[in-house]
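Notes for the one structure printed next.
There are 2 protein chains.
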Amino acid sequence: MLPELKIQPLRYVLAIVDAGGFHAAARQLHRTQPAVSMAVRELEQRLGEPLFEKGGKATLTPFGAYCLPRFRELITQHDRLSRELLAQVHQQAGHVDMAAVPSVASRLMPRLLGDFIHRYPELRVSLQDGNAEFVRRLVAGGEVELGITSLWQQDDSLAFTPLMRDAVGVVCRDDHSLAGRDSLSWEALQGQVLIRNGTSRLLEGTDAEPLLVESAFDISNMISLTAMLVAGIGITTLPRLAFPEEYERLRFIPLVDPQVERELGLLRSGQRSLSPAAQAMEAFVIESLRPGAAAGP
Amino acid sequence: MLPELKIQPLRYVLAIVDAGGFHAAARQLHRTQPAVSMAVRELEQRLGEPLFEKGGKATLTPFGAYCLPRFRELITQHDRLSRELLAQVHQQAGHVDMAAVPSVASRLMPRLLGDFIHRYPELRVSLQDGNAEFVRRLVAGGEVELGITSLWQQDDSLAFTPLMRDAVGVVCRDDHSLAGRDSLSWEALQGQVLIRNGTSRLLEGTDAEPLLVESAFDISNMISLTAMLVAGIGITTLPRLAFPEEYERLRFIPLVDPQVERELGLLRSGQRSLSPAAQAMEAFVIESLRPGAAAGP
DNA sequence: CCTGTCGGTAAGAAACCCTGATCGATTCAT
DNA sequence: ATGAATCGATCAGGGTTTCTTACCGACAGG
Numbered sequence: 001m002l003p004e005l006k007i008q009p010l011r012y013v014l015a016i017v018d019a020g021g022f023h024a025a026a027r028q029l030h031r032t033q034p035a036v037s038m039a040v041r042e043l044e045q046r047l048g049e050p051l052f053e054k055g056g057k058a059t060l061t062p063f064g065a066y067c068l069p070r071f072r073e074l075i076t077q078h079d080r081l082s083r084e085l086l087a088q089v090h091q092q093a094g095h096v097d098m099a100a101v102p103s104v105a106s107r108l109m110p111r112l113l114g115d116f117i118h119r120y121p122e123l124r125v126s127l128q129d130g131n132a133e134f135v136r137r138l139v140a141g142g143e144v145e146l147g148i149t150s151l152w153q154q155d156d157s158l159a160f161t162p163l164m165r166d167a168v169g170v171v172c173r174d175d176h177s178l179a180g181r182d183s184l185s186w187e188a189l190q191g192q193v194l195i196r197n198g199t200s201r202l203l204e205g206t207d208a209e210p211l212l213v214e215s216a217f218d219i220s221n222m223i224s225l226t227a228m229l230v231a232g233i234g235i236t237t238l239p240r241l242a243f244p245e246e247y248e249r250l251r252f253i254p255l256v257d258p259q260v261e262r263e264l265g266l267l268r269s270g271q272r273s274l275s276p277a278a279q280a281m282e283a284f285v286i287e288s289l290r291p292g293a294a295a296g297p
Numbered sequence: 001m002l003p004e005l006k007i008q009p010l011r012y013v014l015a016i017v018d019a020g021g022f023h024a025a026a027r028q029l030h031r032t033q034p035a036v037s038m039a040v041r042e043l044e045q046r047l048g049e050p051l052f053e054k055g056g057k058a059t060l061t062p063f064g065a066y067c068l069p070r071f072r073e074l075i076t077q078h079d080r081l082s083r084e085l086l087a088q089v090h091q092q093a094g095h096v097d098m099a100a101v102p103s104v105a106s107r108l109m110p111r112l113l114g115d116f117i118h119r120y121p122e123l124r125v126s127l128q129d130g131n132a133e134f135v136r137r138l139v140a141g142g143e144v145e146l147g148i149t150s151l152w153q154q155d156d157s158l159a160f161t162p163l164m165r166d167a168v169g170v171v172c173r174d175d176h177s178l179a180g181r182d183s184l185s186w187e188a189l190q191g192q193v194l195i196r197n198g199t200s201r202l203l204e205g206t207d208a209e210p211l212l213v214e215s216a217f218d219i220s221n222m223i224s225l226t227a228m229l230v231a232g233i234g235i236t237t238l239p240r241l242a243f244p245e246e247y248e249r250l251r252f253i254p255l256v257d258p259q260v261e262r263e264l265g266l267l268r269s270g271q272r273s274l275s276p277a278a279q280a281m282e283a284f285v286i287e288s289l290r291p292g293a294a295a296g297p
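Note that the protein sequences, when read in sequence, are chains A and B. Heads up: the first sequence at position 106 corresponds to 106 in the UniProt record's numbering, and the numbers run straight through without jumps. Heads up: the second sequence at position 133 corresponds to 133 in the UniProt record's numbering, and the numbers run straight through without jumps.
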């Protein structure tokens, strides 16, 4: 029912009008004159009405004059779309939705995102933060394309690229009896008031696991946790990156027996592919946080 | 530089998404499945980025999801244009600019335009009126597509289709000495106070030409002319159609010696072709005002 | 394990679009 | 006038695009 208008013949019509003839148009279109003639005639009989007068010169019919601005409009919209998609593909435009665990979001991302938007000034980034499970769920559900987190359980539908290892240590106030140590073994912590937090599960399955059953509190909120530590109510364990260095009275002492680490990495969907902007972000993150390592599956 | 997006592959993408698969889409597009697959792949490599995930099912990539509404938008605009142009061609939409001499405009056009818009309810008409020279100039200059007028001088660049002959007669007040006659010869008018008007040139070149030199007035405005006639100041000659029948005191007496007629017809540009709407009007006018005559060159 | 459905691939056929040569008409200069 | 130049139209042909037919491998459900 509806005739399919192809873009190119419409361009020919515009060219004929503003070049003032079929020959001149053909020249500027890098086509031969018959190509232009035939394309126009094809278009005319598809519309069922001539666009140019038959006699001699290239003059628009009234119908042609009616069509002209509309052709121009459709071509403009086509070109706008084409340009826009190309910009997306070439990472000169676009948007990345991502998520990270709080320690990464607050300690690594500010610098990283600053560098990123310096490298890709046209791209936009949205960052959410939440615990590892939250990040995993956002990535798995497609609500964000990338997550930076530690991986608890294996998931075939998600792809995890390790970026860095983050050692767990003990955090206490500077006047605590352990505060002067360079390193600790788990036995030294026995009998201490241990405050559990969201990262304490890292100790599960290690020699230090017995400590967890002794812990009196379980505080997931970081502000509350630091408040309790500063108040000298107890001690806790945290990965190095999660240790809030802005509190002068808190000390971080590495745990060496057992050595416990979390592995931070980039999480993405295993089946869904990435938008061009997210591809740029993925490569940028890997390059930034894993210096001297090539990307690989 | 810019890739040319053809409309059809975009349609394929939409169909794949809302049919939920390549096979189903191919069915509803009346194509085979490989045709759809290949068209999509062609589009993908033209964009430089896949639209659908590779593995198994037909799932959009994030880039594909980004493209989808934009494809839909471009297709919508294409179809809107296509539909609109088709409506123009099929005379289901459009606009006719035309002009007519005052007698035609006031006596024939109201009825004719009423019938026309009843026949073509979607079309719109603009009508200007003015003397024959004015009408001719509008048509020649392309400001209107059609004129209904009498033709003074031949003009190769204009096409004139005769519609009706309009006999000239004498107009006088009902108490005038000639008012009772059924017909008149020019000699009977000698010695009368003759008022010239815009149509008096019709008498030039006829036996009645001597009357013109006797005329005391030359009044082009119709209101003024009728006022003078009603006041009994003189008589005039007018074509039948230009005789203002709404004035009860005025009489029209046919001039039979010589028989003078003007030929009213449809005027259009000889080189410029007509818009579809104007074509409809042209045919309608010819059919309405020249009953029982087929259209000719 | 077989079977139906999915999408991808290969080869040939049809349609499409372009080129090169040529034509008739018009215009312009001689 | 008449010949040259330029205009757009036309036609045969070949190269590309885009379809169809036939077949493949992957996967899911009975």
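Just so it is clear, CB atoms sit at the ideal spot from N, CA and C, and this is done for glycine as well. The model shown is predicted, which means the values in this text are computed figures rather than measured ones.
So, for residue i: in the same chain, excluding its five sequence neighbours on each side, which residues have a beta-carbon less than 6 Å away from its beta-carbon?
i: Leu138/B; result: Ala99 and Val144
i: Ser126/B; result: Asp97
i: residue 322/A; result: Residue 322/A is absent from the model: chain A starts at 1 and stops at 297.
i: Arg196/B; result: Ser215 and Asp218
i: residue 317/A; result: Residue coverage of chain A in this structure runs from 1 to 297, which leaves residue 317/A outside it and unanswerable.
i: Phe160/A; result: Leu151, Gly265 and Leu267
Does any CB atom of chain B fall closer than 7 Å to the CB of residue i?
i: Thr61/A; result: yes
i: Pro3/A; result: yes
i: Ser177/A; result: no
i: Gln33/A; result: no
i: Arg70/A; result: yes
i: Leu74/A; result: yes
i: Ala295/A; result: Because Ala295/A sits at a pLDDT of 46, beneath the cut-off of 50, its placement in the model cannot be relied upon, and the point is left open.
i: Ala19/A; result: no
i: Leu85/A; result: yes
i: Gln77/A; result: yes
i: Arg249/A; result: no
What number of angstroms, rounded off, separates the C-alpha of residue i from the C-alpha of residue j?
i: Thr234/B; j: Arg165/B; result: At residue 234/B the sequence reads Gly, which differs from the Thr that was named. Approximately 26 Å, taken between the alpha carbons.
i: Pro9/B; j: Phe63/B; result: 16 Å
i: residue 304/B; j: Tyr120/B; result: Residue 304/B lies beyond the range of chain B shown here (1 to 297); nothing can be said about it.
i: Leu203/B; j: Gly114/B; result: 34 Å
i: Arg272/A; j: Leu43/A; result: 41 Å
i: Leu112/A; j: Tyr247/A; result: 23 Å
i: Glu287/A; j: Leu86/B; result: 56 Å
i: Glu263/B; j: Arg107/B; result: 16 Å
i: Ala295/A; j: Met1/A; result: Unreliable placement is indicated for Ala295/A, whose pLDDT of 46 sits below 50; no coordinate value is reported for it.
i: Ala208/B; j: Ser150/B; result: 20 Å
i: Arg31/B; j: Leu163/A; result: 48 Å
i: Gln128/B; j: Val104/B; result: 11 Å
i: Arg124/A; j: Gln88/A; result: 12 Å
i: Gly79/B; j: Tyr66/B; result: Sequence check: residue 79/B is Asp here, not Gly. If I take the Cα positions, the gap works out to 21 Å.
i: Lys54/B; j: Met109/A; result: 32 Å
i: Glu282/A; j: Phe52/B; result: 20 Å
i: Leu274/B; j: Pro69/B; result: 39 Å
With a threshold of 7 Å between beta-carbons, can residue i be considered close to chain A, or not?
i: Ile7/B; result: yes
i: Gln271/B; result: yes
i: Val230/B; result: no
i: Leu81/B; result: yes
i: Val89/B; result: yes
i: Leu238/B; result: no
i: residue 318/B; result: This structure cannot speak to residue 318/B, because chain B is shown only from 1 to 297.
Leaving out five residues on either side along the sequence, give the residues of the same chain with a beta carbon under 8 Å from the beta carbon of residue i.
i: Gln28/A; result: Ala15 and Ala19
i: Gly232/B; result: Arg173, Asp175 and His176
i: Ala140/B; result: Asp155, Ser157, Leu158 and Ser269
i: Arg240/B; result: Asp166, Ala167, Val168, Gly169, Phe252 and Pro254
Looking only at its own chain, which residues have a Cβ that is under 7 Å from the Cβ of residue i, when we skip the five neighbours before and after it?
i: Pro297/B; result: Caution applies to Pro297/B, whose pLDDT of 43 falls short of 50 and renders its modelled position unreliable; the value that the coordinates give is listed next. No residues qualify anywhere along the chain.
i: His23/B; result: Gln33
i: Ile7/B; result: Ile75 and His78
Discussion item. Please identify, using Cβ separations under 7 Å, the residues of the segment 134-168 of chain A that lie next to chain B, in order along the chain.
Written reply: Going along the segment 134-168 of chain A in chain order, one finds Glu145 with a Cβ nearer than 7 Å to chain B.
Item to complete: Mind checking the segment 41-54 of chain B against chain A and listing, in chain order, the residues whose C-beta falls within less than 9 Å of any C-beta there?
Response: Leu47, Gly48, Glu49, Pro50, Glu53 and Lys54
Worksheet item: Does the segment 275-283 of chain A come close enough to the segment 144-157 of chain A to have 3 or more Cβ pairs within less than 8 Å?
Response: Verdict: yes, contact present.
Worksheet item: At a Cβ cut of 8 Å, what residues of the segment 273-289 of chain B count as close to chain A, listed as they run along the chain?
Response: Ser273, Leu274, Ser275, Pro276 and Ala278
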